[in-house]
Amino acid sequence: MNSVLRIAMRFIILLFIQIVILNHIDLHGYVKPMIYPLFILLLPFMTPAWISLGLAFGMGMIIDGFAGTLGFHTAALVLTAFMRPIIMMIVQPHGGYEENMQPFLSVMGTNWFVFCSLAFLLLHHSVYFFIEVFSFDFFLSTLATIVISTILSLILFLTYQFFLIRSK
Amino acid sequence: MRNLLLFFARFYSFFLFLFFEIIAINFIVNKNHYQRSVFTQTLVSINGKISKWQNGVNQYFGLVKKNIQVAEYNARLQEELFNLRCVRAETRDTIRDTTIFQTYSFQPAKVVNNTIYQKHNFITIDKGANQGVKPEMGIIGPQGVVGVVIQTSPNFSRVISLLNKNFQVSARLKTKNYIGSLSWNGNNPLYAQLSEIARHVPVAIGDTIVTTGFSTLFPEGIMLGFVNKKESQEGANFYNIEVKLSTDFSKIDQIYIVDYLLKEEKQALEKEGQDE
Chain A
4 MNSVLRIAMR FIILLFIQIV ILNHIDLHGY VKPMIYPLFI LLLPFMTPAW ISLGLAFGMG
64 MIIDGFAGTL GFHTAALVLT AFMRPIIMMI VQPHGGYEEN MQPFLSVMGT NWFVFCSLAF
124 LLLHHSVYFF IEVFSFDFFL STLATIVIST ILSLILFLTY QFFLIRSK
Chain B
25 MRNLLLFFAR FYSFFLFLFF EIIAINFIVN KNHYQRSVFT QTLVSINGKI SKWQNGVNQY
85 FGLVKKNIQV AEYNARLQEE LFNLRCVRAE TRDTIRDTTI FQTYSFQPAK VVNNTIYQKH
145 NFITIDKGAN QGVKPEMGII GPQGVVGVVI QTSPNFSRVI SLLNKNFQVS ARLKTKNYIG
205 SLSWNGNNPL YAQLSEIARH VPVAIGDTIV TTGFSTLFPE GIMLGFVNKK ESQEGANFYN
265 IEVKLSTDFS KIDQIYIVDY LLKEEKQALE KEGQDE
């Protein structure tokens, strides 16, 4: 399949899962699992910054529009997209990335994928939940929310990738 | 120039990132009620703290003048009190005696920040929600109306000044009882404009303009200013009246927060009437 088409499909599927299912899961009002940051993670390694930033902005605005939290998801996702090359550089394997590599679980291995996802999610969720609380007064409870949500989101990321391997 | 362009081209992703984040933050603080209120409250209290510190220094230089003003105000109050006592003595046995009810409470406060040269001027005062100040309370000074509280933080309040194009207060000619509306056109901080006074009304230069007491913001008869100039265009039904403000906004310092104690009762009654 054409790679652009695949990315577009993934964009729609992840948006659909997030908006239709995950936006309505609200465990005790604090913990919110999210899957859509996976889209930014799974973009090809050589994606130019303006494409990843633009896609992050568009995706964030769509989700914000549906969730009624104008700006929250957008701010978090755009920051994550901006930090993407830096995170990728930190977790790069010995010998760097090769030309035909894709940032998938099946290609890069479990260790790499889990580390990379954790970095993405911690960054994204920290920004998101601090914007939501909008103060440092409840620092510890916000921190707990971030950690628990990160774990749940990581499980979602892995499930999505396993599901793809299975279906091939 | 070329270097500048190269600089932008080199870090374009960072500027693009900044651009998107600014849009997102703009949405966050403008479209979400909670985030917006936290943001503005923080701004108000920072602003208030800085101005209070600044004002503490400035205060010492105007003490003599202020003493005189306070003394004058005291004198006027004494006079009023005396007059009221006389009225009470006269009407003690009649049903019309309403002076035993307290309808307004006055709380003194100090101005800690004030602008007069913008189109939309605001004042910050050193009393806030902790002292019982709420939005929609009127503010008067020794020489008359100053403004209305629009926002409070725990220890400061933001007041929309009479010198603000969005401010409007109902006013009347003191001796003739004709009612109009006083607002400010944004130009000269010494003069405001009185509109809605019909042409058949005998307005004289120097007539006193006071508040009406129709709104719940100010008591009746608080000084606003004096007629300075009147003109009417050919064919217009109303005068354009220029009012010399009694309050000198460049010098306000000691002010009083007016709380109309029967506000809720009055508003509830008027709302009831509207529903039918």
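The listed protein sequences derive, respectively, from chains A and B. So our numbering is basically just the index in the first sequence, starting at one, shifted up by 3. So our numbering is basically just the index in the second sequence, starting at one, shifted up by 24. Using N, Cα and C, we set each Cβ at its ideal position, and we do this for glycine too.
* Residues bridged to N188 (chain B) (per DSSP) -> B:H144
* Asked: Taking DSSP as the reference, what is the three-state secondary structure of F130 (chain B)?
  -> strand
* With 16 as the cutoff for other CB atoms within 10 Å, does K151 (chain B) come out buried or exposed? -> buried
* Using a Cβ-Cβ cut-off of less than 9 Å, list which residues of the segment 91-116 of chain A approach chain B; keep chain order. => none
* Straight-line gap, P166 (chain B) to I279 (chain B) (C-alpha atoms, nearest Å) -> 7 Å
* Asked: Excluding five sequence neighbours on each side, which residues of the same chain lie with their C-beta closer than 8 Å to the C-beta of Q95 (chain A)?
  -> none
* Take K254 (chain B) and list the residues in its own chain whose beta-carbon comes closer than 6 Å to its own, dropping the five residues that flank it on each side. => V227, Y263 and I265
* Using 8 Å as the threshold, is the segment 117-128 of chain A in touch with the segment 37-51 of chain A, meaning 3 or more CB pairs across them? -> yes
* With 16 as the cutoff for other CB atoms within 10 Å, does Q21 (chain A) come out buried or exposed? -> buried
* Same chain only: Cβ atoms within 7 Å of I158 (chain A), ignoring 5 sequence neighbours per side -> none
* **Neighbour list for L2 (chain A) in chain B, Cβ cutoff strictly below 8 Å** => Lying before the first or after the last residue shown, residue 2 (chain A) is absent from chain A, which here runs from 4 to 171.
* Asked: So, do the segment 282-295 of chain B and the segment 137-144 of chain B have three or more beta carbon pairs nearer to each other than 8 Å?
  -> no
* D283 (chain B) by DSSP, collapsed to three states: which one? -> strand
* To do: Please name the residues in the segment 57-68 of chain A whose beta-carbon is closer than 9 Å to at least one beta-carbon of chain B, in chain order.
  => G57, A59, F60, G63, M64 and D67
* alpha helix (DSSP H) segment containing Q78 (chain B), residue limits -> H57 to N82
* Which listed residue (B:E220, B:Q93 and B:N79) has its alpha carbon closest to that of S256 (chain B) -> B:E220
* Asked: Under the rule that 16 or more other beta-carbon atoms within 10 Å means buried, what is S274 (chain B), buried or exposed?
  -> exposed
* **Exposure label - I15 (chain A); buried when at least 16 CB within 10 Å** => exposed
* Supposed close pair V136 (chain B), K76 (chain B) - CB separation, criterion 8 Å -> 5 Å
* To do: Note the first and the last residue of the continuous beta strand (DSSP E) segment covering G249 (chain B).
  => M247 to E255
* Asked: The beta strand (DSSP E) spanning E101 (chain A) covers which residue range?
  -> Premise fails: E101 (chain A) is in no beta strand (DSSP E) and is neither H nor E.
* Which whole runs of the alpha helix (DSSP H) in the segment 80-123 of chain A are 4 residues long or more, in chain order? -> 108-111
* Partners in chain A for V62 (chain B), counting only beta-carbon separations shorter than 9 Å -> F137 and S138
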